[in-house]
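Notes for the one structure printed next.
Residue numbers (this note's numbering): 2 to 251.
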């Protein structure tokens with residue numbers, strides 16, 4: 002009836018959501034409308050996949066800055082990712098999300114278990130039995146200072162065949178979220194030849210991203226060509242402070 006169709010929930014958030022399709026800040030998150038979201042296919046890895054959480058399996062990660070080869074060369078380590086060994090990677094795809102039985106997330110300061118299974122993301126599938134994942138499994142099973150400081154999971158019950166459960170079991174649009182400092186845009190700059198007969202104009206956005214407009218006359222076609230370019234890169238510095246939400250999962 003009319004009374005129900007025109008009723009207000011008595012707060013600005015619900016009223017604005019109904020009238021303007023605007024939610025604003027919710028639980029400290031700024032929300033925005035997104036109509037170009039990419040859809041993620043349902044995980045096809047199926048049931049039966051397992052991973053060993055026993056200390057002897059070395060599927061836990063030890064944070065470190067560098068690794069030194071036998072020949073003495075030092076290489077930097079990217080602690081955002083880890084390669085783990087699993088029973089099979091058949092039909093597993095990058096972007097799939099999963100949990101591991103008895104691998105619980107911990108509070109990053111107190112290191113106490115949250116009672117919630119830690120969520121992991123598949124980054125790459127390099128072989129039939131290995132996955133590159135994020136976040137790494139830092140369970141402090143090695144007992145080093147670095148593991149204790151960066152511990153992100155606890156494993157109260159270890160197993161040689163801990164079950165892997167995929168979370169994206171239904172195809173859906175991906176809604177990204179991130180903490181501001183987790184994502185960084187890196188502006189770039191490129192040189193245009195000064196003796197090639199092109200007119201060049203440069204400008205920068207408020208965020209520091211450079212825009213370059215180039216103009217050149219083509220004597221063959223008697224047309225003036227215009228080109229507009231920008232050069233930048235995006236890096237996810239801290240994957241544990243960003244992620245995606247996929248609604249409609251069973």
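All residues carry an ideal CB built from backbone N, CA and C; glycine is no exception.
{"Query": "Whole-angstrom distance between residue 106 and residue 241, CA atom to CA atom", "Result": "11 Å"}
{"Query": "Proximity of residue 70 and residue 95 at Cβ, strictly below 7 Å", "Result": "no"}
{"Query": "Residue 58: first and last residue of the uninterrupted beta strand (DSSP E) it sits in", "Result": "Unbroken run through residue 58: none, as it is neither H nor E."}
{"Query": "Residue 25 to residue 109 span [Cα, whole Å]", "Result": "28 Å"}
{"Query": "DSSP three-state assignment for residue 15, whether helix, strand or coil", "Result": "helix"}
{"Query": "Endpoints, beta strand (DSSP E) assigned at residue 230", "Result": "224–231"}
{"Query": "Nearest to residue 187 (by Cα), restricted to the options 135, 232, 37", "Result": "232"}
{"Query": "Best match in 103, 181, 34 for proximity to residue 23 [C-alpha to C-alpha]", "Result": "34"}
{"Query": "Per-residue burial, residue 226 [other beta carbons within 10 Å of its own, 16 or more giving buried]", "Result": "exposed"}
{"Query": "For residue 183, three-class secondary structure by DSSP", "Result": "helix"}
{"Query": "Assigned secondary structure, residue 148 (DSSP; H/G/I helix, E/B strand, else coil)", "Result": "helix"}
{"Query": "Option in 29, 182, 17 with minimal Cα separation from residue 239", "Result": "182"}
{"Query": "Boundaries of the beta strand (DSSP E) in which residue 36 is found, first to last residue", "Result": "Premise fails: residue 36 is in no beta strand (DSSP E) and is neither H nor E."}
{"Query": "Uninterrupted beta strand (DSSP E) stretches inside the segment 105–179 (no shorter than 3 residues)", "Result": "105–107, 114–118, 121–125, 131–135, 163–167, 176–179"}
{"Query": "At least three beta-carbon pairs within less than 8 Å, the segment 142–154 to the segment 189–200", "Result": "no"}
{"Query": "6 Å Cβ shell around residue 38 - same chain, five flanking residues per side excluded", "Result": "174, 175"}
{"Query": "Cβ neighbour criterion (16 or more within 10 Å) applied to residue 50", "Result": "buried"}
{"Query": "Three-way DSSP call (helix, strand, coil) for residue 26 in this model", "Result": "strand"}
{"Query": "Rounded C-alpha distance that separates residue 46 from residue 154", "Result": "24 Å"}
{"Query": "Proximity of residue 200 and residue 216 at Cβ, strictly below 7 Å", "Result": "yes"}
{"Query": "At least three beta-carbon pairs within less than 8 Å, the segment 58–66 to the segment 126–145", "Result": "yes"}
{"Query": "Inter-residue Cα distance where the pair is residue 52 and residue 161", "Result": "7 Å"}
{"Query": "Neighbour-count burial assignment, residue 132, 16 or more Cβ in a 10 Å radius", "Result": "buried"}
{"Query": "Residue environment, residue 219, which counts as buried when at least 16 other CB atoms sit within 10 Å", "Result": "exposed"}
{"Query": "Anticipated Cβ contact below 8 Å, residue 101 with residue 159, distance rounded", "Result": "Going by Cβ atoms, the distance from residue 101 to residue 159 rounds to 11 Å, so no, they are not a contact pair."}
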